[in-house]
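Here's the structure, in structure tokens; my notes come after.
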Amino acid sequence: MQKDFLLELRQKYAFNGMLLYVSSTVFICYLSFGLRSNVLEIPVWNAVFWIILLFTSVNAIAKSFMQENRGRLLYFYSIVSPQGIILAKIIYNACLMLVLALICFVFYAFVLGNPVQDVPMFLLSILLGAIGFSTSLTMISGIASKAANSSTLMAVLSFPVIVPMLLMLIKMSKNALDGLDRGSSLDELLTLLAINMIVVTVSYILFPYLWRS
């Protein structure tokens, strides 16, 4: 984790590139929707927000293992356990995605308006989404890095894993947008927590086999 944070501080082009991607996408949405109507419909606002976060997470987390050269991986293999590697990558990516998601929400709400009625519940959905995207995509990034066309393979592998989680996040955030009772989001909350725990457990168990290859 310390290595990844230090590299991010020294090579700020990755984080700045993600910020540029988020800001430019939000601005394009503003040009597409905001200039034509003063009010953006809540379902459209919610869907576009999660689409932006989804593509931001894929681009940000794809470099988890793809940026590591073979020499560095061999060095890590000799000094660090595979469980430590995958947990450190997941925690780092979760922190990165949480920061990007919060920045995206603030900028998105500033440009296109903030129709969220239950802000704490919406922030909770962002937190669960950041953790869910990082846990799922980190393991997929490790698998895709073993292939030649890793970026395409990661997009293909991540789609069936991310879609069920994305549906839960969209429904939970829609309840927060409408200001519904928080009990109505309990099923989605428990499902997302269960998915995150299952993915972390599976990654912890299976990553050593991938690491040895």
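Numbering of the sequence shown is given in the numbering used here, commencing with residue 33 and proceeding in unit increments.
Glycine residues also receive a C-beta, built at the ideal position from the N, C-alpha and C atoms.
Residue environment: Lys121 is assigned as buried (16 or more neighbouring CB atoms within 10 Å of its CB, all protein chains considered).
The segment 138 to 158 and the segment 167 to 178 do not touch, with fewer than 3 CB-CB distances between them shorter than 8 angstroms. If you compare the alpha carbons of Ser110, Ser96 and Glu220 with that of Ser177, the shortest gap goes to Ser96. The beta carbon of Leu212 lies closer than 8 angstroms to those of Asp150 in the same chain, with the five residues before and after it left out. Here the alpha carbons of Glu220 and Arg214 stand approximately 11 angstroms from one another. Boundaries of the alpha helix (DSSP H) harbouring Glu220: Leu218 to Arg244, taken from the DSSP string.
Using a C-beta cut-off of 8 angstroms, the segment 124 to 137 makes no contact with the segment 192 to 211, since fewer than three inter-stretch Cβ pairs fall below that distance. Val188 has its alpha-carbon roughly 27 angstroms from the corresponding atom of Ile135. Taking C-alpha positions only, Leu155 is separated from Trp77 by approximately 15 angstroms.
Rounded to whole angstroms, Tyr62 and Ile172 show a C-alpha spacing of 32 angstroms.
Per DSSP, the unbroken alpha helix (DSSP H) holding Lys121 starts and ends at Pro114 to Leu144.
Separation of the CB atoms of Leu224 and Met197 is rounded to 7 angstroms, and the pair is thereby assigned contact status at 8 angstroms.
Secondary structure at Ser177: coil, using DSSP grouped into helix, strand and coil. Looking at Ile84, Ser157 and Pro240, the one whose alpha-carbon comes closest to that of Ile175 is Pro240. Around the beta carbon of Ser190, a 10 Å sphere encloses 16 or more other beta carbons of the protein chains shown; the residue is thus reported as buried.
Between Ser235 and Ser205, the CB-CB gap reaches or exceeds 8 angstroms. In the DSSP annotation of this structure, Ala94 is not part of any alpha helix (DSSP H), being labelled neither H nor E. Note on Val232: 16 or more other CB atoms within 10 angstroms of its CB, so buried under the neighbour-count rule. Residue nearest to Gly161 within the set Phe142, Pro192 and Leu199 is Leu199 (criterion: CA-CA distance). In this chain, the alpha helix (DSSP H) harbouring Phe108 covers Arg102 to Ile111.
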